[in-house]
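One structure below.
Residue numbers (this note's numbering): 149 to 648.
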């Protein structure tokens, strides 16, 4: 699918300002949409919206379908009468510019529990009916998810394969008994999802009214400790006891000399193919109910993926294995129509992966921070970009552009100064301008680069298990000239909507 020439901003909702320890779907998110529109931006790339896993990463969610309950706007629950008037009077401690997950998460979960209790005890008939309609509409994933989360709590968050065997193997009688025993907590998790989906729908409606589309994210792999792996172990490469024998990752690369051992279970692709890729069709269908465009993470893994023995501590010792190839995307397109997909095609690609990208017709990605290590033939330099592509200064996995510049080699600096016609004093905006000038249909600017923030504000460091996903901005950092300069640049290079 070809996208119109456009410009947008990359910002995970947790990085928004707000009083309750992290960004959420409340007023700051709506205000951010208004700011995007004022700056002539028509895209908001949000990264995965699912729950967080180890390292607070949304790429290790407990469900491929559920939303992150920590993003629920607590003030909206209070306005509905489900939280007491003084319930939010003492927000969690912490610095506004960073998320302290150790204090934020318990605080938000406690408030959600209070709201769920109030809803259960005194919700209006209209609200009860809306909740029931949601549960019925989402039952194909919600029933497994809510029971899984309740059982995780009951077992102290131990891996599902360590639960009672009857529950681990999903024997019907055991599941029925567990649903009765944990009915209250099942209701709690369903309530939280309803709140997330309601609020997200309101935010997306507001975005569409302001001419802004949402770019979401579909990680190729899901966490082992997830409702879907527990519910469909036959679709994953597990042993007889339910544990992975091999796990996902990538070999040594730009980010890590020992590679990246992600640890996700790998798919049994023949089992998916035998079902006509129904699980993937359902997953993409549900994702497109939330967002307008989907960035599919680690696109190479659908052509060939790095298989690491589960006993290996790093990703060095592994082997390439064939993925499903174009058959998967043909099946999804046949079921869903033209696919509004961006392929994350970064890193060293095999010829098989290049052929898959070409056959899919999806736009790939170009990263300017990778463009200056070589010469004029580097494919990431703007004069080598393709119309059918998406260009970034950097992604959530890169350093900020100011941070990149501080650690760049002398060759990179010399090349960038000459290419960008800059002395480097305003390197972030020089790179933003070069990205916007590209022939690529789509450009997405990281918010950290718009604010010209140094490397300490980067979002993630691949291969590092802790200390990331904590950055937040404050509206005091955003000045009128930021939106005006972005708007002028967007107009100059033909990316602004007609009315901007």
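Note that CB positions come from ideal geometry on N, CA and C, so glycine has one too.
It should be emphasised that the depicted structure is a prediction, and the values quoted were computed from it without experimental measurement.
>> Considering only DSSP beta bridges, list what residue 228 is partnered with.
In response: The partner list for residue 228 (beta bridge, DSSP) is empty, contrary to what the question assumes.
> Which residue's Cα is closest to the Cα of residue 201: 518, 312, 297?
Replying inline: 297
> By Cβ distance below 7 Å, which residues in the same chain neighbour residue 280 in space, the five residues on each side in sequence not counted?
Replying inline: none
> residue 629: buried (16+ other C-beta within 10 angstroms of its C-beta) or exposed?
Replying inline: exposed
>> Any beta carbon of chain C sitting closer than 9 Å to that of residue 588?
In response: Among the chains of the structure shown, chain C does not appear; only one protein chain is present.
> Once you ignore the five residues that flank residue 599 on each side, which residues in its own chain have a CB closer than 6 Å to its CB?
Replying inline: 625
> Under 9 Å, do residue 364 and residue 439 count as touching if we go by C-beta distance?
Replying inline: yes
> In angstroms, rounded to a whole number, what distance separates the CA positions of residue 168 and residue 231?
Replying inline: 14 Å
> Which residue comes first and which comes last in the beta strand (DSSP E) that contains residue 590?
Replying inline: 590-594
> What's the gap between the Cα of residue 622 and the Cα of residue 607?
Replying inline: 15 Å
> Count the other CB atoms within 10 Å of the CB of residue 435; is the residue buried (16 or more) or exposed (fewer)?
Replying inline: buried
> Hey, how far is the Cα of residue 571 from the Cα of residue 565?
Replying inline: 6 Å
>> The alpha helix (DSSP H) that contains residue 243, what's its start and end?
In response: Where residue 243 is concerned, there is no enclosing alpha helix (DSSP H), given that its DSSP letter is neither H nor E.
> Would you say the stretch 503-514 touches the stretch 529-539, given that touching needs at least three Cβ pairs under 8 Å?
Replying inline: yes
> To which residues does DSSP link residue 365 through a beta bridge?
Replying inline: 443
> Is residue 149 closer than 9 Å to residue 645 when the C-beta atoms are compared?
Replying inline: no
> What are the boundary residues of the beta strand (DSSP E) that includes residue 313?
Replying inline: Not the beta strand (DSSP E): residue 313 falls in the alpha helix (DSSP H), residues 313-316.
> Buried or exposed: where does residue 596 fall if 16 or more other Cβ atoms within 10 Å of its Cβ makes it buried?
Replying inline: buried
> For residue 480, which residues of its own chain have a beta-carbon under 8 Å away from its beta-carbon, when the five flanking residues on both sides are left out?
Replying inline: 425, 428, 429, 432, 487
> Taking just the CA atoms, how far does residue 383 sit from residue 420?
Replying inline: 6 Å
>> Excluding the 5 residues flanking residue 323 on each side, which residues of the same chain have their C-beta closer than 8 Å to its C-beta?
In response: 295, 315
>> Which residue wins for smallest C-alpha separation from residue 392, given the options 191, 457, 162, 586?
In response: 457
> CA-CA distance, residue 159 and residue 620?
Replying inline: 9 Å
> Mapping DSSP to helix, strand and coil, what is residue 485?
Replying inline: coil
> Does DSSP put residue 423 in a helix, a strand or coil?
Replying inline: coil
> DSSP on residue 512, reduced to helix/strand/coil?
Replying inline: strand
>> For the pair the stretch 368-376 and the stretch 207-217, tell me if three or more CB-CB distances fall below 8 Å.
In response: yes
> Just how far apart, CA to CA, sit residue 376 and residue 203?
Replying inline: 20 Å
> Near residue 208, which residues of its chain fall below 6 Å by C-beta distance, leaving aside the five closest residues on each side in sequence?
Replying inline: 201, 202, 371
> Given a threshold of 16 other Cβ atoms within 10 Å of its Cβ, counted over all protein chains shown, does residue 379 qualify as buried or as exposed?
Replying inline: buried
> Alpha carbon to alpha carbon, what distance is there between residue 248 and residue 517?
Replying inline: 29 Å
> How long is the line joining the alpha carbons of residue 198 and residue 414, rounded to whole angstroms?
Replying inline: 19 Å
> Whose C-alpha, out of 610, 187, 352, 531, is nearest the C-alpha of residue 177?
Replying inline: 352
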